[in-house]
Amino acid sequence: MDISRGLSRRSVLAGATAGVLAPVVVGASSAPPSATAAGLTRRVTIYAEQLPGGLYGYGLEPGQATIPGPLLEIYEGDTLEIELVNNTDQRLSIHPHGVNYETSSDGAPLNASFNKPRETRTYIWRTRTQYQTNGGFWMPGSAGYWHYHDHAMGTDHGTGGLAKGLYGGLIVRKRGDLLPLRQYTVVFNEMMINHKMAPDTPIFEARLGERVEWICIGHGNLPHTFHLHAHRWADTRTGMLASATDNAQVIDNKNLDPGSSFGFQVIAGDGVGPGVWMYHCHVQQHSDGGMSGIFLVRNADGSLPAGAQDALDRFKGHVHTPTTTTDDHSVHSMHMSHG
Amino acid sequence: MDISRGLSRRSVLAGATAGVLAPVVVGASSAPPSATAAGLTRRVTIYAEQLPGGLYGYGLEPGQATIPGPLLEIYEGDTLEIELVNNTDQRLSIHPHGVNYETSSDGAPLNASFNKPRETRTYIWRTRTQYQTNGGFWMPGSAGYWHYHDHAMGTDHGTGGLAKGLYGGLIVRKRGDLLPLRQYTVVFNEMMINHKMAPDTPIFEARLGERVEWICIGHGNLPHTFHLHAHRWADTRTGMLASATDNAQVIDNKNLDPGSSFGFQVIAGDGVGPGVWMYHCHVQQHSDGGMSGIFLVRNADGSLPAGAQDALDRFKGHVHTPTTTTDDHSVHSMHMSHG
Amino acid sequence: MDISRGLSRRSVLAGATAGVLAPVVVGASSAPPSATAAGLTRRVTIYAEQLPGGLYGYGLEPGQATIPGPLLEIYEGDTLEIELVNNTDQRLSIHPHGVNYETSSDGAPLNASFNKPRETRTYIWRTRTQYQTNGGFWMPGSAGYWHYHDHAMGTDHGTGGLAKGLYGGLIVRKRGDLLPLRQYTVVFNEMMINHKMAPDTPIFEARLGERVEWICIGHGNLPHTFHLHAHRWADTRTGMLASATDNAQVIDNKNLDPGSSFGFQVIAGDGVGPGVWMYHCHVQQHSDGGMSGIFLVRNADGSLPAGAQDALDRFKGHVHTPTTTTDDHSVHSMHMSHG
Chain A
1 MDISRGLSRR SVLAGATAGV LAPVVVGASS APPSATAAGL TRRVTIYAEQ LPGGLYGYGL
61 EPGQATIPGP LLEIYEGDTL EIELVNNTDQ RLSIHPHGVN YETSSDGAPL NASFNKPRET
121 RTYIWRTRTQ YQTNGGFWMP GSAGYWHYHD HAMGTDHGTG GLAKGLYGGL IVRKRGDLLP
181 LRQYTVVFNE MMINHKMAPD TPIFEARLGE RVEWICIGHG NLPHTFHLHA HRWADTRTGM
241 LASATDNAQV IDNKNLDPGS SFGFQVIAGD GVGPGVWMYH CHVQQHSDGG MSGIFLVRNA
301 DGSLPAGAQD ALDRFKGHVH TPTTTTDDHS VHSMHMSHG
Chain B
1 MDISRGLSRR SVLAGATAGV LAPVVVGASS APPSATAAGL TRRVTIYAEQ LPGGLYGYGL
61 EPGQATIPGP LLEIYEGDTL EIELVNNTDQ RLSIHPHGVN YETSSDGAPL NASFNKPRET
121 RTYIWRTRTQ YQTNGGFWMP GSAGYWHYHD HAMGTDHGTG GLAKGLYGGL IVRKRGDLLP
181 LRQYTVVFNE MMINHKMAPD TPIFEARLGE RVEWICIGHG NLPHTFHLHA HRWADTRTGM
241 LASATDNAQV IDNKNLDPGS SFGFQVIAGD GVGPGVWMYH CHVQQHSDGG MSGIFLVRNA
301 DGSLPAGAQD ALDRFKGHVH TPTTTTDDHS VHSMHMSHG
Chain C
1 MDISRGLSRR SVLAGATAGV LAPVVVGASS APPSATAAGL TRRVTIYAEQ LPGGLYGYGL
61 EPGQATIPGP LLEIYEGDTL EIELVNNTDQ RLSIHPHGVN YETSSDGAPL NASFNKPRET
121 RTYIWRTRTQ YQTNGGFWMP GSAGYWHYHD HAMGTDHGTG GLAKGLYGGL IVRKRGDLLP
181 LRQYTVVFNE MMINHKMAPD TPIFEARLGE RVEWICIGHG NLPHTFHLHA HRWADTRTGM
241 LASATDNAQV IDNKNLDPGS SFGFQVIAGD GVGPGVWMYH CHVQQHSDGG MSGIFLVRNA
301 DGSLPAGAQD ALDRFKGHVH TPTTTTDDHS VHSMHMSHG
């Protein structure tokens, strides 16, 4: 059983100075700080490429495009200069959520901001910290769990790339935010997770007690709800509470509809132990149809906990049923075939 | 006119010491506190049974299954041990949201956690309070308006029970949370409320000025929005604000999509008087098709306010119209037939 | 090119004393304050009228009905008395979200609260400030970005008017809230924005640096997500943060489903410059099908920034494609025909 595709990796472009990790920093620049005081300008080259099956992806190296694309991560105040190399014969672009960009970096045909086929173009994303305005209010900064996607392929509005894999996660952190040990990008798009259906959906792995971060993104045409078993988070910017009296709702199921994103951190297996935990769309026909995956929490020493292999085998053997009728199923024989 | 089904009841398992009420405490145990300091372990037996019409329900006594099942209520730190008696010939389980459980209590076929037909099995749900982590952040506790449901019937993913009535509400409170006088569980599931369509949907009753609590749960395949007339709540854990400067959004309409839940308390008729108030899905075809019910706020002495009987009679006489076209309706004759 | 329909206007009924503007105050009354201490009673007459194409609208003067209707704005504590003149031959009403009303002002057939054809009827909406209850909790007040709509036309439930244009925005402010210079009401209803499809959707205009306010309302039968390019807001009552440590999520894409509403203020072009910015539903087929409009941020002197006219021309020339297939589009020729 191949679970290598679920191995986590730290995102690119995380600030090297503030982390407890040694993240893979791609293109960190020695350029002087931009206009926003503390910010650094970081540069990265992204390659848009065609993939088998009529799909497309973004990658950090030629021939390395993935769906979703690389997880990008910067600090509030930083500027990200993206050199987008279009190795395809399609019009396409990269359009971010959450950050600042001029019309020339909008990534939309409306502003003639896109790469022609085989063209290279630079997009500049700026961020800023919150600032106080009148009356005790603060205008929000850029920190958040965001995402990026093509906004130029296929139609006047430029939505063709969304259906073909051109999307990824983008995190803008505040200085002092906790850094996770592992990161998982989950994109709900039509009836797929990261353009796959179960049992080919990601198996995300961690060891018991590790701090892991989920970046959840919605695309396409359908409403979805993201549910994670045995773990929960606060419905806030960080997924955590800001104080002992923070009255934010704590949730384990949240709408993940087109264009929306959120993120959170959990301690793997905290209070529940290691095991094979489902994450899935809670829309009944969507989960039945294949919108489910696995959060595999290993023992602290990396070994599989008791029962985990059986659960993984069951997951691999599941039959997905777009139309559900109880009467068509012999629930016992289904289970017996697994155990 | 039978409105008895709308009579409220206090949920089971509420803590007896902290309330202004004398709640029905089922299975309160004298066992020593569990690992989480202040918590008690409470035990309850739940019976899963078949109901007429191919439906199923959970109940606290044999032959007493209802849709939705009994409202369960504990305090953060408590442990709930559920002995689930499966009186049916179907594979089924009980899977909670919001609380901690090991894989053996997951309630999902993936972890072989379910009751075979006619089998009894114990599920253990633990809860915890929030705790401070690094950087001024707090990992959230279990307090919230949650829910439980079958996760094993009918399909590999185990969603068959949702369509047949196996679901209910679960409240985890913080010590010090306000306790309501009445509680209403509202489940939006396909085109139904609590598996009924108007005019058979619940009529929830209160007297003017009583503090009542709504637990709203979404299931099925359709997006919904819950709207309550003449009352509103804050979009927080409690539905109330935490301080005079709390900037949370105040709402009277909220997405209630599959797997999501929220709750809130209102003072019945506060600032608006007694009367017959609608609650309904705000999706137009859903409300037209029968997804509406009644919040009947009586006078403080329990009598019906002026006009209430007429409104109840109109509700009972409504014709529901899955496909809406204005031209097909003689709005005057419709109204005259009621008054 | 006619962009006059996008010219902003200050809403009616804003308090004259607290603003930085001189808003159009309609029907400000010299009546003594109502029961809620600081509140004033304000009176306005609204005319419901038929429009071409089988549509209906609300207006402040006879013959001036619009879709959406006039934006109403009061302060928490105020009472709004609406004399609704029904100049149509249909049963209709006005039903608000967020404010207090007795059953006689419910606006619903259930409570026999509506205007018969050609009838005039008064609806009374009251508001209140938050107040402290037990245990450190506060019951929420009425402040928020709300809306009003017909609740009597066409069906028993009274949803016919929603499909025909009878809706508008309602703001209840707290004293001390920031007042914007311009206000935009955006209603997502079926596949339309303000009952129009692109390129006939609103072009909202501002000058660089102006504080503008968006009031977003959902209606109909479909789930939607509202996205604004190059600007963002906090998911709070005001769209701003309440303190430097406010942990609310910052977003630029939010569910806008039937019956829900939210609002926020942004500084036009802040950190991104002037330009032609899209706002649109992020559901792919909805944006492709025409659910997009323009936020035109002019230079500070009112002139068009470079490239803006080209973008506006492209917007006007867009072909909308309810069914998207990349292969059917020659993306280059599409673009070339614009530039």
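Protein chains in written order, with full-length UniProt numbering: chain A, 1 to 339; chain B, 1 to 339; chain C, 1 to 339. Every residue gets a Cβ at the ideal spot worked out from N, C-alpha and C, and that includes glycine.
In the DSSP assignment, the alpha helix (DSSP H) including Gly-317 of chain C goes from what residue to what residue? Annotation: the continuous alpha helix (DSSP H) that includes Gly-317 of chain C extends over 308-317.
I want to verify the contact list: residues of chain C whose CB lies under 7 Å from the CB of Asn-253 of chain B, in sequence order. In chain order: His-97, Gly-259 and Ser-260.
Can you tell me the Cα-Cα spacing of Leu-304 of chain C and Arg-298 of chain C, whole angstroms? Between Leu-304 of chain C and Arg-298 of chain C, the alpha-carbon positions lie close to 5 Å from each other.
Give me the Cβ distance between Gly-141 of chain A and Glu-213 of chain A, rounded to the nearest whole Å; I'm assuming they're in contact under 8 Å. The beta-carbon separation of Gly-141 of chain A and Glu-213 of chain A, rounded to 19 Å, does not stay under the 8 Å limit for a contact.
Between Gln-130 of chain A and chain C, is any beta-carbon pair separated by less than 8 Å? Gln-130 of chain A counts as touching chain C.
Residue of A:Thr-159, A:Ala-306, A:Arg-314 and A:His-219 minimising C-alpha distance to Ile-294 of chain A: The shortest Cα separation from Ile-294 of chain A among A:Thr-159, A:Ala-306, A:Arg-314 and A:His-219 belongs to A:Arg-314.
Looking only at its chain, what residues have a beta carbon closer than 8 Å to the beta carbon of Gly-202 of chain A, apart from the 5 residues adjacent to it on each side? Just to set this straight, residue 202 of chain A is Pro in the shown sequence, not Gly. These residues qualify, in order along the chain: Arg-5, Gly-6, Tyr-184, Val-186, Ile-193, Asn-194, Lys-196, Gly-293 and Ile-294.
Assigned secondary structure, Leu-110 of chain B (DSSP; H/G/I helix, E/B strand, else coil): Leu-110 of chain B falls in the helix class under three-state DSSP.
Beta-carbon of Asp-301 of chain C versus every beta-carbon of chain B: anything under 8 Å? No, no contact with chain B.
Endpoints, alpha helix (DSSP H) assigned at residue 344 of chain A: Residue numbering for chain A in the displayed model covers 1 to 339; residue 344 of chain A lies beyond these limits and cannot be assessed.
Grab the span of the beta strand (DSSP E) containing Phe-295 of chain B for me, first residue to last. Phe-295 of chain B -> beta strand (DSSP E) spans 292-298.
Lys-254 of chain B bridges to which residues according to DSSP? According to DSSP, Lys-254 of chain B bridges with B:Phe-226.
Can you round the beta-carbon distance between Ala-230 of chain C and Val-272 of chain C to whole angstroms, since I take them to be within the 8 Å contact cut? That pair is a contact at about 4 Å.
Check whether the stretch 100-120 of chain B and the stretch 248-268 of chain A touch, using three or more Cβ-Cβ pairs below 8 Å as the test. The stretch 100-120 of chain B is not in contact with the stretch 248-268 of chain A.
For Pro-33 of chain C and Thr-79 of chain C, I'd like the C-alpha separation in whole angstroms. Any reading at Pro-33 of chain C must be qualified, since the residue scores a pLDDT of 32, below 50, and its modelled position is unreliable; no value is offered.
If I measure Cβ to Cβ from Gly-302 of chain B and keep anything under 7 Å in the same chain, skipping five residues before and after, which residues do I get? Within the same chain, Gly-302 of chain B has close Cβ partners Arg-207.
Taking 8 Å as the threshold (beta carbon to beta carbon), is Pro-140 of chain A in contact with chain B? Closer than 8 Å to the CB of Pro-140 of chain A there is not a single CB belonging to chain B.
Give the single residue among B:Gln-309, B:Asp-156, B:Ile-217 and B:Ser-260 whose Cα lies nearest to the Cα of Arg-91 of chain B. Nearest in C-alpha terms to Arg-91 of chain B, of all of B:Gln-309, B:Asp-156, B:Ile-217 and B:Ser-260, is B:Asp-156.
Can you find a C-beta in chain C that's less than 8 Å from the C-beta of Phe-315 of chain B? Interface residue, yes.
Just checking my contact of Gly-220 of chain B with Asn-189 of chain B at CB under 8 Å: how many whole Å lie between their CB atoms? That pair is a contact at about 4 Å.
Rounded C-beta distance between Gly-165 of chain C and Gly-259 of chain C? I'm assuming under 8 Å. Between Gly-259 of chain C and Gly-165 of chain C the Cβ distance is about 16 Å, and since that is not below 8 Å, they are no contact.
Going along the stretch 143-166 of chain B in order, which residues come within less than 8 Å of chain C, judged by CB to CB distance? Listed in sequence order: no entries.
When you compare each of C:Thr-88, C:Asn-100 and C:Leu-181 to Val-172 of chain C by their alpha carbons, which one comes out closest? For Val-172 of chain C, the nearest C-alpha among the options comes from C:Asn-100.
Cα-Cα separation, Gln-265 of chain C to Ala-143 of chain B: Approximately 32 Å, taken between the alpha carbons.
Taking only three categories from DSSP, how would you classify Thr-122 of chain B? The three-state secondary structure of Thr-122 of chain B, taken from DSSP, is strand.
Would you tell me roughly how many angstroms separate the C-alpha atoms of Thr-133 of chain B and Arg-175 of chain A, rounded to the nearest one? Looking at the two C-alpha atoms, the distance is approximately 16 Å.
Using only alpha-carbon positions, find the residue among B:Glu-73, B:Gly-239 and B:His-97 that is nearest to Leu-40 of chain B. With distances taken between Cα atoms, Leu-40 of chain B lies closest to B:Glu-73.
In terms of DSSP beta bridges, what is Ala-48 of chain C paired with? BP columns for Ala-48 of chain C point to C:Tyr-58 and C:Asn-86.
Apply the 10 Å Cβ neighbour rule to Gln-64 of chain C and answer buried if 16 or more other Cβ atoms are within range, or exposed otherwise. Per the 10 Å Cβ criterion, exposed.
Ala-206 of chain B: first and last residue of the uninterrupted beta strand (DSSP E) it sits in: That run of the beta strand (DSSP E) goes 203-207.
Proximity winner among B:Leu-312, B:Pro-109 and B:Leu-181, relative to Asp-200 of chain B (alpha-carbon distances): Closest in alpha carbon position to Asp-200 of chain B, among B:Leu-312, B:Pro-109 and B:Leu-181, is B:Leu-312.
Chain A contact for Leu-110 of chain B (CB, 8 Å cutoff): At least one chain A Cβ lies under 8 Å of Leu-110 of chain B.
Is it the case that the Cβ atoms of Gly-53 of chain B and Gly-69 of chain B are separated by a distance below 8 Å? Inclusion of Gly-53 of chain B and Gly-69 of chain B in the CB contact set at 8 Å is not warranted, their separation being larger than that value.
Here's a check: name, in chain order, each residue in its chain whose Cβ is nearer than 6 Å to the Cβ of residue 340 of chain A, leaving out the five neighbours to either side. The first residue shown for chain A is 1 and the last is 339, placing residue 340 of chain A beyond what the model contains.
Could you work out which residues of chain A lie near Arg-232 of chain C, taking near to mean beta carbons separated by less than 7 Å? Those are Gly-98 and Pro-140, listed as they occur along chain A.
In three-state DSSP terms, what is Asn-100 of chain B? Annotated three-state conformation of Asn-100 of chain B is strand, per DSSP.
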